[in-house]
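K.L.:
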Amino acid sequence: MFVVKRKELSLRERLFLPEIARALGHSLRAIFKPKITRQYPEEGLPTTEVTRGQPRLVVKEDGAMACVSCGLCEAACPAYAITIDGQETDRFIEREPERFDIDMLRCILCGFCEEACPKDAIFMSDELELADYSREALKYDIEKLKRPKAALQKRIDYVYRINERWRSSSSTS
Amino acid sequence: MTKIIIDGVEIEADPKQPLIRACHDNGVDVPMYCYHPGLSPVGSCRICQVEVKQGEMPPRIMVACKTPVAEGMIVDTRAPKAHAARRECLEFLLKNHPLDCPICDKAGECDLQDFAFAEGQGEGRSVEPRRKLDKRKSLGDVIVLDEERCILCSRCVRFFEDVTKKPQLTVSELGSRSTISTFMDRPLQGNYQGNLADVCPVGALTLKKFRFQARVWNLEKHFSTCGECSRGCSITVEILRRREVKRIRPRYNPDVNKWWMCDVGRFAFDRFNEEERIEGAAVRDAQGRLVETGVSDALAKAADILKVHPSPAIVASPWLTVEEGEVLLALAERAGVAAAFVAPPPNDLADDLLHTGDPCPNRRGLVELGLAAISAEEALERIGAGKSAILVGERVVELLGEEALEDLPAALRLIAFVRHPVHAPATNVCIGVPTAVERTGTWINVDGGRGPIAAARPAPPNVRPLTSTLAALAELIQRQEAPA
Ligand code: SF4
Ligand code: SF4
Ligand code: SF4
Ligand code: FES
């Protein structure tokens, strides 16, 4: 059998009072140190251009969707989160999505869709929070996914910069 | 047979066929655009160039689709010179190609994409702007032409010349302005326009009905047989997300339809996509309403009816498969009556290419089984004369006429194995049946060839195959008779 022997406490330890005073001293010092905790959710999380939040769809300056419903993000998505149906339009670019659903419960925020898109139409936004009262509400449709281009500009610039670097360093040209 | 060597392997080739056929038949991939096995070769695109050495001559680059097979040929499809020639050819084809693959319906099954990926170069070197042409030129009710995507292979032109023998398209203008057009921009005519979308190796000719509907790699492809006429063309049924039929395309069958099919059959899939149907069964209750029940209850009710009112008139649909016909005959025998199927009169779609004008895909199979082919009038007469009747199979109500069924006396007991509820007052029992894309079986075509039909998608959970419900009814009748 294995017996744990308790250490005999000294008188000073048995009194506890000096220890309490020491703890209070720690607290007093901490009050004057800079704060490192954050009042979430009132205070949001800091985001940078590399933040890879939930995917969102770009609405161009002229109000049209940049997406042409080519289905490449759907094919690239490892989580099968995306479902797209296309339709014809009268605009110069003849095709646009009729339905574009991302099941946010399935999305693993991998960014493959962003990488696959040939039309710069889907980008990882800086939106990170995902909570709701039902599963259905977390299946985002096209209206919930649309964002003006300006809202995603930070990420778009970053992706372009990264791609440029990759292109110039790779040997194929 | 002629002996030749392709890529170091000696093979036997048919001297009447071009070299490209010998390559393809032996599993050697040679790209092609203007060549189509069903059309006369013209050798205009030059993408099929291979290196051929004959006798003492030095090896030469030749187009495999226009070169006949000759004894002792030594063919090298992978020779550096041949590869370079094909690569240059591709670069010129892509010089003016819009590269709008993300929008193009052909993407995923496009020869230009495939060969460019396999052999082409990654980036274009041309600095001139690409040509601008009409991207949405309507060629009638079926086809849209995207002039920018066209690579001028002239397959579409030759399709009308060689297959339907009524030329309608031509290449007009010159040089980079060349386009495909009809005479005076008249719309295309005829029942075979849909084949253009299949012969076009790129996305220049697309179907209006399929345009931008789905990406081809999302379509599940299932082999089946067309049910719109007694020719029974071999087809592929293409299903999106296990539910919707999006496209029907011909499947190569040397004995029946070769590479082609008619537009009537190609576009006859809307009926499969209708949502409304009986999922399970429905019986008429004491208040005279049709209420949903389980299939077993409905079958029991049907057996009860047949006990009180024996000798039903049995009228089947011409879309029954041979297997379903056999079970129906067994049921008829059990009930002591003869079975017949409704055969609508021939329509005016018959031509000398494929369509026979007879809308019954399995007329021959059912007649050989012993079912009589009767007209709708005769069928109604038979139904009206008896005390009970059994209608079997999809579209049988359509053929008899819903109004004609409404007029039947309410005292008649009608048992219907149908897809849509039959609201005629005489109906007592309705049992749901699967559609032609949800069942498996065989149709026998006009020449006696077997056309297998295969389930392309699952039927709703409570819709049982007709063979199983009919057999269950026959069993119930027998069990009721036994104690007596
Ligand atoms: S981020 Fe990844 S998992 Fe989420 S939708 Fe895009 S590809 Fe799918
Ligand atoms: S890859 Fe881009 S253009 Fe294509 S469907 Fe996805 S978001 Fe739209
Ligand atoms: S439309 Fe298609 S089939 Fe016709 S010439 Fe152009 S590429 Fe060939
Ligand atoms: S396929 Fe041989 S030249 Fe076009």
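Sequence lines, in order, name chains A and P. Under numbering that gives the first Met the number 0, think of the first position of the first sequence as 0, with each following residue one higher. Under numbering that gives the first Met the number 0, think of the first position of the second sequence as 0, with each following residue one higher. By construction, the Cβ of each residue, glycine as well, lies at the ideal position given by its N, Cα and C atoms. These numbers come from a predicted model, not from an experiment.
What's the call for residue 95/P, buried or exposed, on a 16-neighbour Cβ count within 10 Å?
P.N.:
buried
K.L.:
Answer yes if the region 406-426 of chain P comes into contact with the region 191-211 of chain P, meaning at least three C-beta pairs across the two stretches below 8 Å, and no otherwise.
P.N.:
no
K.L.:
Indicate the three-state DSSP secondary structure (helix, strand or coil) for residue 172/A in the structure shown.
P.N.:
Model confidence at residue 172/A stands at a pLDDT of 44, short of 50, so the residue's coordinates are unreliable; what they give is reported in the following sentence. It is coil, neither helix nor strand.
K.L.:
Closest by CA to residue 39/A, which one among 128/A, 109/A, 97/A, 60/A?
P.N.:
128/A
K.L.:
For residue 102/P, would you say it is in contact with chain A, using Cβ-to-Cβ distances shorter than 8 Å as the test?
P.N.:
Cβ-Cβ to chain A under 8 Å: yes for residue 102/P.
K.L.:
Closer than 8 Å by beta-carbon distance: list the chain P residues that pair up with residue 163/A, in chain order.
P.N.:
Result: empty, since nearest Cβ-Cβ is about 16 Å, beyond 8 Å.
K.L.:
Between residue 387/P and the rest of its own chain, which residues show a CB-CB distance below 8 Å, the 5 nearest in sequence each way excluded?
P.N.:
304, 305, 308, 309, 310, 311, 312, 411, 412, 413, 414
K.L.:
If you draw a straight line from the alpha carbon of residue 215/P to that of residue 19/P, how long is it in whole angstroms?
P.N.:
27 Å
K.L.:
To which residues of the same chain is residue 237/P closer than 6 Å at the C-beta, ignoring the five residues directly before and after it?
P.N.:
218, 220, 245, 246
K.L.:
How big is the Cα-Cα spacing for residue 226/P and residue 267/P?
P.N.:
Distance from the CA atom of residue 226/P to the CA atom of residue 267/P, rounded to whole angstroms, is 9 Å.
K.L.:
Measure from the C-beta of residue 67/A to each C-beta in chain P and report whether the shortest distance is under 8 Å.
P.N.:
yes
K.L.:
Exposed or buried, residue 427/P, counting other C-beta atoms within 10 Å across all chains shown (16 or more means buried)?
P.N.:
buried
K.L.:
For residue 68/A, is the beta carbon positioned less than 7 Å from some heavy atom of ligand 2?
P.N.:
yes
K.L.:
Please determine whether the Cβ atom of residue 199/P lies at a distance below 7 Å from any heavy atom of ligand 3.
P.N.:
yes
K.L.:
In the region 19-102 of chain A, which residue ranges form an unbroken alpha helix (DSSP H) of at least 4 residues, counting only runs that do not cross its ends?
P.N.:
71-75
K.L.:
Quick one: Cα of residue 6/A to Cα of residue 16/A, how far?
P.N.:
19 Å
K.L.:
Please classify residue 422/P as buried or exposed, where buried requires at least 16 neighbouring CB atoms within 10 angstroms.
P.N.:
exposed
K.L.:
What did DSSP end up calling residue 61/P once you bin it into helix, strand or coil?
P.N.:
Three-state result, residue 61/P: strand.
K.L.:
So, residue 329/P versus residue 476/P, is the Cβ gap smaller than 8 Å?
P.N.:
no
K.L.:
Examine chain P for any beta-carbon lying closer than 8 Å to the beta-carbon of residue 86/A, and answer yes or no.
P.N.:
Residue-level contact by beta carbon holds for residue 86/A and chain P, with a gap shorter than 8 Å.
K.L.:
Could you tell me which chain P residues have their CB closer than 9 Å to the CB of residue 45/A, listed as they occur along the chain?
P.N.:
Near residue 45/A there are no residues of chain P at all, since even the closest Cβ is about 35 Å away, more than 9 Å.
K.L.:
By the DSSP assignment, the beta strand (DSSP E) with residue 122/A in it spans what residues?
P.N.:
121-123
K.L.:
Could you check whether the Cβ of residue 115/P sits closer than 7 Å to any heavy atom belonging to ligand 4?
P.N.:
no
K.L.:
Give the DSSP bridge partners of residue 440/P, in chain order.
P.N.:
452/P
K.L.:
Give a single yes or no on whether residue 76/A has its beta carbon closer than 7 Å to a heavy atom of ligand 1.
P.N.:
At a threshold of 7 Å, residue 76/A counts as near ligand 1, since its beta carbon sits closer than that to one of the ligand's heavy atoms.
K.L.:
Compare the Cα-Cα distances from residue 116/P to each of 90/P, 278/P, 359/P and report the closest residue.
P.N.:
Of 90/P, 278/P, 359/P, the residue nearest in Cα terms is 90/P.
K.L.:
How long is the line joining the alpha carbons of residue 132/P and residue 77/P, rounded to whole angstroms?
P.N.:
Those two C-alpha atoms are separated by around 36 Å.
K.L.:
Using a 10 Å radius around the Cβ and a threshold of 16 neighbouring Cβ atoms, would you call residue 139/A buried or exposed?
P.N.:
buried
K.L.:
So that I know if they touch, is there some Cβ in chain A lying closer than 8 Å to that of residue 483/P?
P.N.:
Because residue 483/P carries a pLDDT of 49, less than 50, the predicted location of this residue cannot be relied on, and the following value inherits that uncertainty. No - not a single Cβ of chain A is within 8 Å of the one on residue 483/P.
K.L.:
Is there a Cβ of chain A sitting closer than 8 Å to that of residue 416/P, yes or no?
P.N.:
no
K.L.:
Using Cβ-Cβ distances below 8 Å, what residues of the region 216-231 of chain P are close to chain A?
P.N.:
From the region 216-231 of chain P, only 216, 217 have a Cβ closer than 8 Å to chain A.
K.L.:
What is the rounded straight-line gap between the Cα of residue 483/P and the Cα of residue 333/P?
P.N.:
Bear in mind that the predicted position of residue 483/P carries a pLDDT of just 49, short of 50, making it too unreliable to give a figure here.
K.L.:
Flag residue 117/A as yes if its beta-carbon sits less than 8 Å from any beta-carbon of chain P, otherwise no.
P.N.:
yes
K.L.:
Extract the residue ranges of the beta strand (DSSP E) inside the region 70-116 of chain P, only unbroken runs of 3 or more that lie entirely within it.
P.N.:
73-75
K.L.:
Can you tell me which of 130/A, 114/A, 131/A puts its alpha carbon nearest to the alpha carbon of residue 123/A?
P.N.:
114/A
K.L.:
Cβ of residue 314/P within 8 Å of Cβ of residue 368/P?
P.N.:
Taking 8 Å as the cut-off, the Cβ atoms of residue 314/P and residue 368/P do not count as close.
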